[in-house]
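Colleague: For what it's worth, full-length UniProt numbering labels the leading residue of the sequence shown as 1, then goes sequentially.
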Amino acid sequence: MMKGLKKWRLFSLLAVLTVFLSACTGEDYISTLKPAGEVGEDQYDLLIFSISIMTLVVVVVSFLYLYAFTKFRRSKLGDKHIPKQVEGSHTLEVIWAVIPIILLLILAVPTILSTYKFADVKAMDEVDEEGNKTALTVNVTAKLYWWEFEYPEQGIVTAQELVVPTNEKVYFNLKAADVKHSFWIPAVGGKMDNNVENVNKFWLEFGKESEGLKDGVFYGKCAELCGPSHALMDFKVKTVDRAAFDQWVAAMQATEGQTASVDSTDLGEATFAQSCLGCHAVSGVGTTGAMGPNLTTFGDRNRVAGVLEHSKESLENWISDPEAIKPGNLMTGKYSELSPEEISAVADYIMSLSVEK
C-alpha cells in the first residue's frame, strides 16, 4: 500500500513540474527562449546545441544501463549466476577518456568563439572624418533601485526607459553607483555586471521593434542580488527604427534648459521646484550623477518606479510612501511633508512631462 502511495506522490510531483515548466516559453518581451537580436539568437543557439549534446549523452548512458539491467537481470540468469569478471580493459578506458574530451571540445569551440565575438567592442571608439564616434554608445549607471542611461555623444540623459534603434549594434559602458548590480535584457541578450570599481563594456543588437509587444517595450532586469528591492529593480527598453530614434534624440535635446519654477502659478510645478528639483531633473540634456531619476520623459513611460501601473494614483502612492513600495530605496526629502493636495498637483505635473506627445 505504501509503495503505491509513493509512486502516486512521484507522479504528482512530476505533474506539478510539468505545469511549471510549461511556462518556460514565456512572453516575447522577456523570454530568453524568444530572442530578438543577434546576441540573444547566438546565445539561444548555444543553449540548444549544448542541450542536444547533453541529451545525446543521457540517451546513450540510459540505453547502456537499461541494456545491462535487462540482459543480466536475476529472473533471467538465476540467483547463482556470476558474470564474467573483468580486471580491466585498456580499450574501454581509452573510450571513456576520449569521448568526454571530444564532447567538451565540441561544446568549447563555439562557446569560446561567441564569447570573444560578444566581447569585441573596438568599434565603440571608431570615429568618422570629423572626429565623431560612429557607433551609438550608452553609459548605464545602476543605482538603488533604478537605472540611469546617458547618451554621451548626443548629450542627453534619461532614466528607467532605454530607447535604442533597431538593426544596429549598440555599445554599453556599465557601472554601478553604490553596490554591484547586473544589466540584463532577457529577450535581447546579456547579462553583464555593473561594478562600482570598474567599467564593463559589451554590445547588443536589437532586431525587433518593441511597439507590438505587451506594453510596447522589452523588459530589463537587475540580475545580481543587490538589496531588499532587488526583485523590483526593473527597466524597460523601447526599440524603434533609426528615423524614430533620431526624432526622439532631437526631442530630448530640445528640452535643454527646461526646469520647474517655484514662482509658477501651477501648484504642481511650484511644489516640484521646491521639494523635488534638487534630485530630479526635468531636462533631458545633461550628464549622469543625479540623486534621483531624470523625469523628462516620465509621461512617456509605462510604469511608475519601474513596477507600478503608469497612472496618477500609482504616482501619488509612490510619492506618499516610496519605502512601502521599494524598501531600501534612497528617496528622501520634503515630499514627506506635502499635503494630499500638493501630492496630487505634483503627480499631475510629473505625468505631463513628455517628449513624445
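Cβ atoms here follow ideal geometry from the backbone N, Cα and C, with glycine treated the same way.
Keep in mind the model is a prediction, meaning the values are calculated, not measured.
Check whether the Cβ atoms of residue 180 and residue 196 lie closer than 8 Å to each other.
Modeller: Taking C-beta atoms as the reference points, residue 180 and residue 196 count as a pair closer than 8 Å.
Colleague: Could you tell me whether the segment 177-194 touches the segment 35-45, where touching means 3 or more Cβ pairs closer than 8 Å?
Modeller: Look at the beta carbons and you see the segment 177-194 touching the segment 35-45: at least three pairs across the two are nearer than 8 Å.
Colleague: Between the alpha carbons of residue 172 and residue 132, how many angstroms are there, rounded?
Modeller: Rounded to the nearest whole angstrom, the C-alpha separation of residue 172 and residue 132 is 17 Å.
Colleague: Going by DSSP, what residue range makes up the alpha helix (DSSP H) through residue 38?
Modeller: First-last of the alpha helix (DSSP H) with residue 38: 38-71.
Colleague: Can you name the start and end residues of the beta strand (DSSP E) that residue 298 belongs to?
Modeller: Premise fails: residue 298 is in no beta strand (DSSP E) and is neither H nor E.
Colleague: Beta-carbon separation of residue 351 and residue 312 under 8 Å?
Modeller: Yes, Cβ-Cβ distance for residue 351 and residue 312 is below 8 Å.
Colleague: Just how far apart, CA to CA, sit residue 60 and residue 72?
Modeller: CA-CA distance, residue 60 to residue 72, rounds to 18 Å.
Colleague: What is the DSSP secondary structure of residue 319, counted as helix, strand or coil?
Modeller: helix
Colleague: Given residue 198, which residues of its chain have a CB within under 8 Å of its CB, disregarding the five upstream and five downstream residues?
Modeller: 175
Colleague: Excluding the 5 residues flanking residue 353 on each side, which residues of the same chain have their C-beta closer than 8 Å to its C-beta?
Modeller: Close CB contacts of residue 353 within its chain, under the 8 Å cut and outside five residues either way in sequence, are with 282, 295, 296, 297, 298, 299 (chain order).
Colleague: Give the DSSP-derived three-state secondary structure of residue 163 in the structure shown.
Modeller: strand
Colleague: At a cut of 8 Å, does the segment 153-171 reach the segment 205-219 through at least three beta carbon pairs?
Modeller: yes
Colleague: Count the C-beta pairs between the segment 66-83 and the segment 239-254 that are closer than 8 Å, then say yes if the count reaches three, no if not.
Modeller: no
Colleague: Using CA atoms only, rank isn't needed, just tell me which of 247, 229, 340, 215 is closest to residue 267.
Modeller: 340
Colleague: What is the DSSP secondary structure of residue 201, reduced to helix, strand or coil?
Modeller: The DSSP-derived three-state label of residue 201 is strand.
Colleague: Distance check for residue 260 and residue 244, CA to CA, integer angstroms please.
Modeller: 28 Å
Colleague: Can you tell me which of the three DSSP states residue 280 falls into?
Modeller: coil
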